[in-house]
Amino acid sequence: MDELLKLIQSDMMKILMVFDNICRENNIQYSLHGGTLLGAVRHKGFIPWDDDLDIIMTRENYDAFICAWIRNRPDGYFLQTKEVEENYTRAFAKIRKEHTLFLQEGEDPETIHTGVFIDIFPVDRIPNRGIGFYPFLWDCLRYQLYTREFIPPKVNIITKVITFVLLNTKTHTQVMKKRAQLYKKITRFNNNNSLRLAVLESPRHISHPFPPDFFDSYIGIPFEGKEFMCISKWDELLTIWYGDYMKMPPQEERVWKHHPKMVDMNSSYEEIKKERK
Numbered sequence: 121m122d123e124l125l126k127l128i129q130s131d132m133m134k135i136l137m138v139f140d141n142i143c144r145e146n147n148i149q150y151s152l153h154g155g156t157l158l159g160a161v162r163h164k165g166f167i168p169w170d171d172d173l174d175i176i177m178t179r180e181n182y183d184a185f186i187c188a189w190i191r192n193r194p195d196g197y198f199l200q201t202k203e204v205e206e207n208y209t210r211a212f213a214k215i216r217k218e219h220t221l222f223l224q225e226g227e228d229p230e231t232i233h234t235g236v237f238i239d240i241f242p243v244d245r246i247p248n249r250g251i252g253f254y255p256f257l258w259d260c261l262r263y264q265l266y267t268r269e270f271i272p273p274k275v276n277i278i279t280k281v282i283t284f285v286l287l288n289t290k291t292h293t294q295v296m297k298k299r300a301q302l303y304k305k306i307t308r309f310n311n312n313n314s315l316r317l318a319v320l321e322s323p324r325h326i327s328h329p330f331p332p333d334f335f336d337s338y339i340g341i342p343f344e345g346k347e348f349m350c351i352s353k354w355d356e357l358l359t360i361w362y363g364d365y366m367k368m369p370p371q372e373e374r375v376w377k378h379h380p381k382m383v384d385m386n387s388s389y390e391e392i393k394k395e396r397k
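Take the position in the sequence shown, starting the count at 1, then add 120; the result is the number in my numbering.
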């Protein structure tokens, strides 16, 4: 299992370098995020048991990157967004490596690309707490549920019931239409630069938003022997998310996060399917 994880991390590094090249060529800023940023600071690379790689960007930089990717389209990689793949329902982008497989719970390999990937999260402005914040929060919750289109395994019974009702009383077309309507509503605050920032698909982000100027400056940081970008306030971010982030977690918590159902480092789902016929 450790050898497989090293291969997955190696492919994620290849994707990250392609992403970084496009960003630098087009003056686009980004930051390593979450466990990837923690790994850069604490381990100078991947956390040894980490099976994903996270990037975070302002909405402006995120949109600029999408346009730059479309102009360049690197061979061997696939940019997965809800605009590109109708059946991909997440509100953030993934870059997938062709000819690989990393199939997760809730994914249908018949309808979406399921290669090894990195995640790219955009941050949007959110309203200040007050009367208008709670309708916004409800819209975000509904958007998150409509976006997944399956019942998340690690949620309480109330969330499971709400998700079941929302997803089973509408057709796929109705779900997509509702998702588009909600997306327009929850991103309507982006013109106000005085507001805080959050990843709108993440309840954790919305409950712990970033200050308005959090993404104003960037530095370089070593990761697996190369230098990538991160926000200047990386210490503040890691402290908010992890507390004493240099302290290693207990042994029982040093495990994979995604628990994929199938992994193949040399063939996609379609290629495996053809070989088995």
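Ideal Cβ positions, reconstructed from N, Cα and C, are used throughout, including at glycine.
Taking C-alpha atoms, which residue in S388, I392, S387, W376 lies nearest to D122? For the purposes of this step, residue 122 is taken as the residue at position 2 of the sequence shown. Closest by alpha carbon: W376.
What residue from P380, E373, Y389 has the CA that sits closest to I167's CA? If you number the sequence shown from 1, residue 167 lands on position 47. Selection P380, E373, Y389 evaluated against I167 yields E373 as nearest (Cα-Cα).
Between the C-alpha atoms of K164 and N276, what's the straight-line distance to the nearest angstrom? Counting from 1 along the sequence shown, the entry for residue 164 is found at position 44. Counting from 1 along the sequence shown, the entry for residue 276 is found at position 156. Between K164 and N276, the alpha-carbon positions lie close to 36 Å from each other.
From what residue to what residue does the beta strand (DSSP E) around D183 run? In the sequence shown, residue 183 corresponds to position 63, counting from 1. Element bounds for D183: not the beta strand (DSSP E) but the alpha helix (DSSP H), 179-192.
Got a sec, what are the start and stop residues for the alpha helix (DSSP H) M296 sits in? Mapped onto the sequence shown, residue 296 falls at position 176. 292-306 is the extent of the alpha helix (DSSP H) around M296.
Option in Y303, T293, F241, G226 with minimal Cα separation from W258: Residue mapping note: residue 258 aligns to position 138 of the sequence shown, counting from 1. The shortest Cα separation from W258 among Y303, T293, F241, G226 belongs to Y303.
Quick one: Cα of P398 to Cα of H219, how far? No answer is possible for residue 398: the residues shown for the chain start at 121 and end at 397.
Please confirm whether S388 and H233 have their CB atoms less than 9 Å apart. Here the question's residue 388 lines up with position 268 in the sequence shown. Here the question's residue 233 lines up with position 113 in the sequence shown. Result yes, Cβ atoms of S388 and H233 sit closer than 9 Å.
Between C260 and I176, how many whole angstroms is the CB-CB distance? I'm expecting something under 8 Å. Here the question's residue 260 lines up with position 140 in the sequence shown. Here the question's residue 176 lines up with position 56 in the sequence shown. No, C260 and I176 are not in contact; Cβ-Cβ is about 17 Å, not under 8 Å.
Beta-carbon proximity of F212 to I240, cut-off 9 Å: Locating residue 212 in the sequence shown gives position 92, where the first residue counts as 1. Locating residue 240 in the sequence shown gives position 120, where the first residue counts as 1. In this structure, I240 lies closer than 9 Å to F212 by Cβ.
From R179 to K393, what distance separates their C-alpha atoms? Translated into the one-based positions of the sequence shown, residue 179 becomes position 59. Translated into the one-based positions of the sequence shown, residue 393 becomes position 273. About 38 Å.
Would you be able to state if there are at least three C-beta pairs under 8 Å between the stretch 340-351 and the stretch 137-155? Judged by Cβ distances under 8 Å, the stretch 137-155 makes contact with the stretch 340-351, as three or more pairs qualify.
Answer with buried or exposed for N181, where buried requires no fewer than 16 other C-beta atoms within 10 angstroms of its C-beta. In the sequence shown, the residue the question calls residue 181 occupies position 61. N181 should be labelled buried.
Assuming I135 and F185 are in contact, meaning their beta carbons sit under 8 Å apart, how far apart are those beta carbons, in whole angstroms? The residue you call residue 135 lines up with position 15 of the sequence shown. The residue you call residue 185 lines up with position 65 of the sequence shown. In fact, because the Cβ distance is near 13 Å, the residues do not count as touching under 8 Å.
List the endpoints of the continuous beta strand (DSSP E) containing Q200. Along the sequence shown, read from residue 1 onward, the residue named residue 200 stands at position 80. Q200: member of the beta strand (DSSP E) spanning 197-200, first to last residue.
Whether D170 touches G159 by CB criterion (9 Å): For the purposes of this step, residue 170 is taken as residue 50 along the sequence shown, with counting starting at 1. For the purposes of this step, residue 159 is taken as residue 39 along the sequence shown, with counting starting at 1. Going by C-beta atoms, D170 is nearer than 9 Å to G159.
Where D405 falls: helix, strand or coil (DSSP): Shown here, the chain extends from 121 to 397; a query on residue 405 therefore has no answer.
Tell me which residue opens and which closes the beta strand (DSSP E) that F348 is part of. What you label residue 348 is simply residue 228 of the sequence shown in a count that begins at 1. Run containing F348: 346-351, per the beta strand (DSSP E) assignment.
Taking C-beta to C-beta, are M296 and E206 nearer than 9 Å? Position 176 of the sequence shown, counting from 1, holds the residue named residue 296. Position 86 of the sequence shown, counting from 1, holds the residue named residue 206. Yes, the pair counts as a contact, with Cβ atoms nearer than the cut-off.
Cβ-Cβ separation, L320 to I341 (assumed contact under 8 Å), whole Å: On the sequence shown, position 221 is the one that residue 341 refers to. On the sequence shown, position 200 is the one that residue 320 refers to. That pair is no contact at about 26 Å.
Just to confirm my understanding: we take Y208, look at its own chain, exclude 5 residues before and 5 after, and list those with CB closer than 6 Å. What are they? For the purposes of this step, residue 208 is identified with residue 88 of the sequence shown, where counting begins at 1. Q200, K202, I232.
Determine the contact status of V236 and K217, defining contact as a CB-CB distance below 9 Å. Mapped onto the sequence shown, residue 236 falls at position 116. Mapped onto the sequence shown, residue 217 falls at position 97. Yes, the pair counts as a contact, with Cβ atoms nearer than the cut-off.
Nearest-angstrom Cα distance between V383 and Q129? For the purposes of this step, residue 383 is taken as the residue at position 263 of the sequence shown. For the purposes of this step, residue 129 is taken as the residue at position 9 of the sequence shown. So the alpha carbons of these two residues sit roughly 13 Å apart.
Cβ neighbour criterion (16 or more within 10 Å) applied to Q264: Position 144 of the sequence shown, counting from 1, holds the residue named residue 264. By the neighbour-count rule (16 or more Cβ atoms within 10 Å), Q264 is buried.
Alpha carbon to alpha carbon, how far is L157 from S337? By one-based count along the sequence shown, residue 157 stands at place 37. By one-based count along the sequence shown, residue 337 stands at place 217. The alpha-carbon separation between L157 and S337 amounts to approximately 16 Å.
Identify, in the order they occur along the chain, each residue of the same chain with its Cβ nearer than 6 Å to the Cβ of R191, setting aside the five sequence neighbours on each side. In the sequence shown, the residue the question calls residue 191 occupies position 71. Around R191: no qualifying Cβ.
Count the other CB atoms, across all protein chains shown, that sit within 10 Å of the CB of K214; report buried if there are 16 or more and exposed otherwise. Walking along the sequence shown from the start, residue 214 turns up at place 94. Buried, by the Cβ-count rule.
Going by alpha carbons, who is nearest to C187 out of N146, S151, F222, L125? Here residue 187 is taken as the residue at index 67 of the sequence shown, counted from 1. When only C-alpha atoms are compared, the closest one is N146.
Quick check: what's the CA-CA separation for G252 versus S322? The residue you call residue 252 lines up with position 132 of the sequence shown. The residue you call residue 322 lines up with position 202 of the sequence shown. Going from the Cα of G252 to the Cα of S322 covers about 19 Å.
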